[in-house]
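Here the protein sequences line up with chains Z and E, keeping their order. The first sequence lines up with residues 0 to 257 when you count with numbering that gives the first Met the number 0. The second sequence lines up with residues 0 to 257 when you count with numbering that gives the first Met the number 0.
There are 2 protein chains.
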Amino acid sequence: MPTARFDPALPPEAAPAAEATPAFLPLYRQIKALMLRGLQEGAWRPGELIPSEKDLAARYRVSQGTVRKAVEELAAENLLVRRQGKGTFVATHAEERVQFRFLRLQPDDGQQEPMQRRFIDCERLRASAEVARALLLATGDAVVHVQRVLSFRGSPVVFDDIWLPGALFKDLTAQRLGDYRGPLYGLFESGFGVRMIRADERIRAVAADASAALHLGVDLGAPLLSVERLSFTYGDVPVELRRGLYDTSSHHYRNQLS
Amino acid sequence: MPTARFDPALPPEAAPAAEATPAFLPLYRQIKALMLRGLQEGAWRPGELIPSEKDLAARYRVSQGTVRKAVEELAAENLLVRRQGKGTFVATHAEERVQFRFLRLQPDDGQQEPMQRRFIDCERLRASAEVARALLLATGDAVVHVQRVLSFRGSPVVFDDIWLPGALFKDLTAQRLGDYRGPLYGLFESGFGVRMIRADERIRAVAADASAALHLGVDLGAPLLSVERLSFTYGDVPVELRRGLYDTSSHHYRNQLS
DNA sequence: ACGCATTTGTTCGTATGTATT
DNA sequence: TAATACATACGAACAAATGCG
């Protein structure tokens with residue numbers, strides 16, 4: 000694991016966070032990349048305990064401190080979870096107490112609490128140009144389209160349209176959606192081996208159309224929050240496009256800036 | 000700097016990020032707290048170079064590695080900025096290239112770019128119950144109320160209402176607002192010694208009222224994004240309440256989840 | 001242009017503390 | 001109690017970036 004230095008003359012701000020193949024990485028980042036591959040390839044599965052720092056150090060032939068830096072970064076990115084005295088675990092959406100890592104909607108008064116789900120539709124169809132572009136597919140490729148409503152104490156609050164690559168979610172049916180208990184991303188993870196690790200959201204205010212008005216029980220034209228989410232798995236591969244319409248008359252989308 | 004251990008039996012998930020006075024802190028966190036106080040009291044001012052790790056280690060009588068951990072956390076919280084070869088600096092809103100750390104609005108096509116400002120109003124008045132509660136003032140206390148519009152290539156996009164504690168912003172006038180070049184938080188920092196370090200936002204979709212429709216050039220009732228922001232300075236003290244109405248017909252609020 | 005000093009970044013090693021089983 | 005794992009703390013050395021003479 001030598002620390003080679005090639006990288007001739009990258010412009011200071013050139014690296015676009017994507018690949019520029021810097022040809023050089025600090026040792027701990029090389030270790031991090033190796034561990035990332037292990038996660039990606041399923042060598043270590045969600046919820047599992049990974050080897051101890053000492054074992055990892057021996058395996059990669061580096062000091063424990065170097066492994067520690069790699070693990071720290073992976074933990075900071077929510078890919079691993081460290082527990083003093085127990086070990087380091089692969090993060091999972093399944094048993095995770097933090098159900099609301101991705102859902103930022105909150106009642107104006109009081110805390111977040113689980114909402115009731117109702118699946119309206121789950122069909123296989125061909126990707127529109129827009130959906131294909133987002134998911135890096137070709138127009139007309141197979142996709143799964145899911146519609147659902149989330150309700151808070153009986154009142155519908157969220158109306159979601161979800162598009163998934165058909166190739167990855169072959170056996171997804173309304174049946175399986177209805178049967179599964181726990182967060183949707185938990186099902187994707189355990190049932191399809193697709194783990195969401197990051198997402199970008201674009202938020203807008205829109206007027207309710209007929210469909211939204213019906214499912215959310217609001218007037219036609221009522222202002223709704225439109226949340227377009229593109230979710231990624233390892234390697235920045237997009238694996239879910241979702242558009243949620245939120246009724247924010249008694250809820251709000253919460254965000255922390257720092 | 001002894002490492003005392005009292006802390007009897009805090010429930011595992013009890014610490015509400017606020018104060019529980021754990022009565023115990025690792026050494027590096029004690030150092031961090033001391034440095035935080037230095038920042039808060041103005042011993043190290045925004046933009047300034049702070050002492051080197053070696054100096055800090057000597058000053059606090061700890062190892063360089065311990066100082067390093069403290070500095071790393073402060074840098075992760077955007078209070079300090081580390082520059083290899085140069086030193087560690089106090090973060091500032093002034094010269095900062097990251098003008099958009101707090102403004103998440105982005106044109107649907109293309110990158111963020113500075114918007115044109117127009118100040119509509121700057122008046123001193125008494126805090127309403129709602130404003131007082133947010134800013135931890137008493138109803139009727141003096142506050143400064145600012146209204147402004149941000150425009151993108153000539154078109155108004157953001158209509159902001161801003162409330163500030165009158166006691167902190169004594170000499171804030173429309174004149175000073177208009178004269179200042181650079182981000183508003185830069186003026187607050189250099190002109191009033193108030194540095195914003197964190198903010199919470201509550202986002203909703205609302206219908207444009209007459210005032211918003213006028214200033215943003217949209218129809219009455221048009222859907223707008225309402226962004227309520229409460230900004231904090233050191234010690235989680237709220238120092239700004241802001242409500243922005245965003246026209247999201249060609250812009251969107253961008254958020255990254257991870 | 002070159003080298004030197006300074007500062008942060010990386011890597012190793014060792015020892016000890018704290019949490020869990 | 002003992003063993004294991006992560007957390008903290010110290011020390012040392014070298015690398016990389018910067019700025020100055």
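Glycine residues also receive a C-beta, built at the ideal position from the N, C-alpha and C atoms.
**Item:** Proximity winner among D178/Z, Q63/Z, D218/Z, R28/Z, relative to L73/Z (alpha-carbon distances)
**Value:** R28/Z
**Message:** Is the beta carbon of R123/Z closer than 8 Å to that of V143/Z?
**Reply:** yes
**Message:** Less than 8 Å between CB atoms is the rule here; does I202/Z satisfy it with respect to chain E?
**Reply:** yes
**Message:** What does the alpha-carbon distance come out to for the pair D159/Z and L213/E?
**Reply:** 33 Å
**Asked** Under the three-state reduction of DSSP, which class applies to E200/Z: helix, strand or coil?
**Response** strand
**Request:** Would you verify that the beta carbon of H214/E is, or is not, closer than 8 Å to some beta carbon of chain Z?
**Result:** no
**Request:** Can you give me the start and stop residues for the alpha helix (DSSP H) that L186/Z sits inside?
**Result:** 183-191
**Item:** Where Q105/E sits in the DSSP three-state scheme
**Value:** strand
**Message:** On the DSSP bridge list, what partners appear for N254/E?
**Reply:** E200/Z
**Element boundaries [beta strand (DSSP E), containing Y245/E]** = 236-245
**Prompt:** Hey, would you say the C-beta of G41/E is under 7 Å away from at least one heavy atom of the ligand PLP?
**Reply:** For the structure depicted, the ligand PLP is absent and the ligand set is empty, with no information on it obtainable.
**Item:** Bounding residues of the beta strand (DSSP E) (the contiguous stretch that carries L48/E)
**Value:** No beta strand (DSSP E) contains L48/E, which DSSP labels as neither H nor E.
**Asked** So who's on the other strand from I161/Z, going by DSSP bridges?
**Response** V145/Z, R241/Z
**Request:** Grab me the residues of E227/Z's own chain with a C-beta within less than 6 Å of its C-beta, minus the 5 sequence neighbours each way, in chain order.
**Result:** R201, R242
**Asked** Using a C-beta to C-beta distance shorter than 7 Å, which residues of chain Z count as neighbours of T91/E?
**Response** Chain Z residues near T91/E: none, gap ~15 Å exceeds 7 Å.
**Message:** On the DSSP bridge list, what partners appear for T232/E?
**Reply:** V236/E
**Asked** In angstroms, rounded to a whole number, what distance separates the CA positions of F191/Z and L229/E?
**Response** 41 Å
**Request:** Could you work out which residues of chain Z lie near L167/E, taking near to mean beta carbons separated by less than 9 Å?
**Result:** Here the premise fails: no neighbours, minimum Cβ distance about 20 Å.
**Prompt:** Per DSSP, T87/E is paired with what?
**Reply:** R81/E
**Request:** Excluding the 5 residues preceding and the 5 following A128/E in the sequence, name in chain order all residues of the same chain whose CB lies nearer than 6 Å to its CB.
**Result:** T138
**Request:** Would you check if the stretch 83-98 of chain E and the stretch 33-50 of chain E touch, i.e. whether three or more CB-CB distances between them fall below 8 Å?
**Result:** yes
**Prompt:** If you compare alpha carbons, which of F101/Z, V89/Z, L135/Z is closest to Y184/Z?
**Reply:** F101/Z
**Asked** Do you know whose CA, among P222/E, G41/E, L135/E, I119/E, lies nearest A90/E's CA?
**Response** G41/E
**Asked** Can you list the residues of chain Z that A206/E reaches, using a CB-CB cut of under 7 Å?
**Response** P222
**Asked** Is it the case that the Cβ atoms of L104/Z and Y252/Z are separated by a distance below 8 Å?
**Response** yes
**Request:** Starting from G134/Z, follow the alpha helix (DSSP H) in both directions and report where the run begins and ends.
**Result:** Reading the sequence as shown, one finds Leu at residue 134/Z and not Gly. From DSSP, the alpha helix (DSSP H) with L134/Z extends over 128-134.
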